[in-house]
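Student: Numbering (UniProt numbering), first residue to last: 1 to 157. Can you keep this structure in mind? I'll have questions shortly.
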C-alpha cells in the first residue's frame, strides 16, 4: 500500500494522526471512527490519494482534538496555513512614506525633507538611507532631550 511522503501536502498531519493512533493502540478503523470519517476516506488520505488540505475545517478540528493540539497547529500540519501567514509583512513604500511624512512635520527637519516630486524620483536605496538617517538622528535628539528634561528616565547609552 502506498503511503504519504514528506512531499505529500498535509503529510505531517497524517503522520501525526497515525503515530498517535498507534501509540494509543488504535487501528486505522478506530482512527477513522475517532475522526468521524469512513475507513476508505481515511485510507485515501493516508495514502495520498485524497488531498489533506482539502479536508473540511470541521474534520481538521476533530483531528486537533484527537491529537490534543491547537486547531491552528493542525491547519499548519495540513498545509492550509503556512508559517508566513503569521507574519505581518510591512510594505516598504508605505513605511518609507510614513517616515518622510514624519520628517516633513518635524520643525527641525521639514526644510530638509524632500518634496513629493523629488521623493518620487529618488531611488528606493536613497529613500531608505534618508529615512534611516532621520530615524537615527531623531533617536539621538530624543535621547538628548530626555536626558535634559527627565534625567531619571534617560535612555541607556
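Even glycine gets a Cβ: it sits at the ideal position worked out from N, Cα and C. As the structure is a computational prediction, the values presented were derived from the model and not from experiment.
For my contact list, residue 14 and residue 46 are in at a C-beta cut-off of 8 Å; report their separation, rounded to the angstrom.
Tutor: Against the chain shown, residue 14 aligns to sequence position 14. Against the chain shown, residue 46 aligns to sequence position 46. Right, their Cβ atoms sit about 5 Å apart.
Student: Between the C-alpha atoms of residue 101 and residue 56, what's the straight-line distance to the nearest angstrom?
Tutor: Position 101 of the chain shown holds residue 101. Position 56 of the chain shown holds residue 56. Rounded to the nearest angstrom, the two C-alpha atoms are 46 Å apart.
Student: Does DSSP put residue 71 in a helix, in a strand, or in coil?
Tutor: On the chain shown, residue 71 is found 71 positions in, with the first residue counted as 1. Three-state result, residue 71: helix.
Student: Classify residue 128 as helix, strand or coil using the three-state DSSP reduction.
Tutor: Against the chain shown, residue 128 aligns to sequence position 128. Note: residue 128 maps to helix in three-state DSSP.
Student: Check for me: the alpha helix (DSSP H) holding residue 40 runs from which residue to which?
Tutor: If you number the chain shown from 1, residue 40 lands on position 40. Residues 39 to 46.
Student: By the three-class DSSP mapping on this structure, what secondary structure does residue 26 have?
Tutor: For this step, residue 26 is matched to residue 26 along the chain shown. If DSSP states are grouped into helix, strand and coil, residue 26 belongs with coil.
Student: Which term fits residue 75, buried or exposed, when burial requires 16 or more other beta carbons within 10 angstroms of its beta carbon?
Tutor: In the chain shown, counting from the first residue as 1, residue 75 sits at position 75. Buried.
Student: Out of curiosity, what's the CA-to-CA distance linking residue 28 and residue 17?
Tutor: Your numbering for residue 28 matches position 28 in the chain shown. Your numbering for residue 17 matches position 17 in the chain shown. Going from the Cα of residue 28 to the Cα of residue 17 covers about 10 Å.
Student: For the alpha helix (DSSP H) containing residue 100, name the first residue and the last one.
Tutor: Residue numbering aside, residue 100 sits at position 100 when the chain shown is read from its first letter. Residues 92 to 105.
Student: Using a Cβ-Cβ cutoff of less than 6 Å, which residues in the same chain neighbour residue 21 once the five nearest sequence positions on both sides are dropped?
Tutor: For the purposes of this step, residue 21 is identified with residue 21 of the chain shown, where counting begins at 1. The answer, listed in chain order, is 31.
Student: Buried or exposed for residue 87, please, with buried defined as at least 16 other CB atoms from any protein chain shown within 10 angstroms of its CB.
Tutor: Position 87 of the chain shown holds residue 87. Exposed is the call here.
Student: By the three-class DSSP mapping on this structure, what secondary structure does residue 79 have?
Tutor: For the purposes of this step, residue 79 is taken as residue 79 along the chain shown, with counting starting at 1. Note: residue 79 maps to coil in three-state DSSP.
Student: Considering Cα atoms alone, identify which of 97, 10, 130 and 122 is closest to residue 112.
Tutor: What you label residue 112 is simply residue 112 of the chain shown in a count that begins at 1. Cα-wise, what sits closest to residue 112 is 130.
Student: For residue 1, which residues from the same chain have a beta carbon less than 7 Å from its beta carbon, with the 5 sequence-adjacent residues on both sides left out?
Tutor: The sequence position of residue 1 within the chain shown is 1, counting from 1. Low per-residue confidence applies at residue 1: pLDDT is 38, beneath 50, and the placement is therefore not dependable enough to give any value.
Student: How many angstroms separate the CA atom of residue 126 from the CA atom of residue 99?
Tutor: On the chain shown, position 126 is the one that residue 126 refers to. On the chain shown, position 99 is the one that residue 99 refers to. About 13 Å.
Student: Thinking C-alpha only, which one of 52, 141 and 60 is nearest residue 107?
Tutor: As a working note, residue 107 is residue 107 in the chain shown. When only C-alpha atoms are compared, the closest one is 141.
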